[in-house]
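Read the sequence shown against the numbering used here and you will find it ends at 349, with the numbers running on by one and no gaps. From the three backbone atoms N, C-alpha and C, an ideal C-beta is built for every residue, glycine too.
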Amino acid sequence: MDAGSHLALAGLALLDSTSFGTLVLPVIALLAHPRAGGRVVAHLAVMAVFYWLLGVALLLGGQQALASLGGWPDWTRHPATWVAGGIALVGLSYVLDGTVALPGPWAERARRSKEWMRHALGPDAGARTVAGIALAAGLVEAASMLPYLGALGMLLGSDLPTVGRLGTLAAYCLVMVAPGLLLVAARTALGRRADGPLGRIGSWLDRRAGTEMAWVVGIIGVVLALNGAARLMA
């Protein structure tokens with residue numbers, strides 16, 4: 116993998132870091148309970164390990180499937196296919212931009228669940244509760260986390276050895292939880308003075324919910340197109 120691919124993976128990991136489990140729930144918990152830092156760190160640690168183990172299973176399973184099929188079809192390896200697919204994805208991202216929003220029933224459920232989220236990682240939450248919430252969030256979100264799935268596809272199609280893929284996946288999972296850990300550090304250092312920034316971050320997360328898919332599709336498209344163009348010119 117070249118530097119551009121690694122940068123793309125970092126960008127996808129940062130997009131993943133703004134999901135419900137990795138940022139929304141930690142922000143709500145830190146706002147509601149200033150001393151929830153330890154529980155939030157434990158929550159993020161469980162999520163990082165969960166996504167790494169899930170990725171290991173999917174990568175190894177994907178390798179076995181490709182081996183049984185004799186590898187990728189020849190046409191998928193041609194750089195022109197990458198360029199065409201990348202351009203198509205970039206075009207699709209413009210179509211999706213501003214059109215993807217949380218459906219009304221789900222939005223109403225989200226509003227009703229705000230009270231539960233404020234107490235999910237509160238003082239009464241034990242280790243089993245924290246781990247259970249993290250695993251539940253990971254299981255619910257896994258299928259819809261397009262950046263994560265896109266990153267796994269990039270790793271599966273890369274020339275890295277298995278150890279390199281698993282190490283890169285571990286780094287990806289660390290980047291996923293890094294913003295949440297930074298917010299815990301800020302809350303610990305600033306106390307109630309962090310309420311304003313945390314509140315603004317929460318509002319920003321609400322506003323950006325409808326555009327995440329467009330960004331993800333666009334980033335994957337740009338990476339595919341640039342890699343394909345580089346191989347055509349090589």
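State the DSSP-derived secondary structure class of residue i, mapped to helix, strand or coil.
{"i": "L250", "result": "helix"}
{"i": "S120", "result": "helix"}
{"i": "V164", "result": "helix"}
{"i": "D131", "result": "helix"}
{"i": "A225", "result": "Here A225 scores only 48 on pLDDT, less than 50, and its place in the model should not be relied on; the value that follows carries that caveat. In this structure, A225 counts as helix in the three-state DSSP scheme."}
{"i": "A216", "result": "With a pLDDT of 47 at A216, under the threshold of 50, the modelled position of this residue cannot be trusted, and the question is left open."}
{"i": "D274", "result": "coil"}
Rounding to the nearest angstrom, what Cα-Cα distance links residue i and residue j in this structure?
{"i": "T303", "j": "A344", "result": "47 Å"}
{"i": "T196", "j": "A257", "result": "28 Å"}
{"i": "P194", "j": "R346", "result": "6 Å"}
{"i": "I143", "j": "L261", "result": "23 Å"}
{"i": "I316", "j": "A340", "result": "32 Å"}
{"i": "V171", "j": "V155", "result": "24 Å"}
{"i": "G176", "j": "G268", "result": "12 Å"}
{"i": "V164", "j": "H148", "result": "25 Å"}
{"i": "V161", "j": "L130", "result": "19 Å"}
{"i": "V290", "j": "V139", "result": "16 Å"}
{"i": "L392", "j": "G314", "result": "Residue 392 is absent from the structure shown; the chain starts at 116 and stops at 349."}
{"i": "G206", "j": "V198", "result": "12 Å"}
{"i": "A125", "j": "Y166", "result": "15 Å"}
{"i": "S318", "j": "G311", "result": "11 Å"}
{"i": "G306", "j": "T133", "result": "22 Å"}
{"i": "A157", "j": "L254", "result": "17 Å"}
{"i": "G153", "j": "A293", "result": "15 Å"}
{"i": "T301", "j": "A309", "result": "Checking the displayed sequence, the identity of residue 301 turns out to be Ala instead of Thr. Approximately 7 Å between the Cα atoms of the pair."}
{"i": "V215", "j": "V299", "result": "Low per-residue confidence applies at V215: pLDDT is 44, beneath 50, and the placement is therefore not dependable, though the value from the model is reported in the following sentence. Cα to Cα, the separation comes out at about 31 Å."}
{"i": "P141", "j": "F135", "result": "8 Å"}
{"i": "G119", "j": "P276", "result": "18 Å"}
{"i": "D117", "j": "L297", "result": "28 Å"}
{"i": "A252", "j": "V278", "result": "27 Å"}
{"i": "A151", "j": "A266", "result": "31 Å"}
{"i": "V338", "j": "L168", "result": "25 Å"}
{"i": "A203", "j": "G336", "result": "7 Å"}
{"i": "N342", "j": "A285", "result": "23 Å"}
{"i": "S273", "j": "R243", "result": "37 Å"}
{"i": "L122", "j": "L159", "result": "23 Å"}
{"i": "W187", "j": "L271", "result": "Note that W187 scores 48 on pLDDT, short of 50, meaning its location in the model is unreliable; the coordinates nonetheless yield the value given after this. Approximately 11 Å between the Cα atoms of the pair."}
{"i": "G201", "j": "R280", "result": "23 Å"}
For the alpha helix (DSSP H) holding residue i, just list the boundary residues, first then last.
{"i": "R150", "result": "Taken as a continuous stretch (DSSP letters only), R150 belongs to no alpha helix (DSSP H), as it is neither H nor E."}
{"i": "R302", "result": "T277 to L305"}
{"i": "A266", "result": "L261 to L271"}
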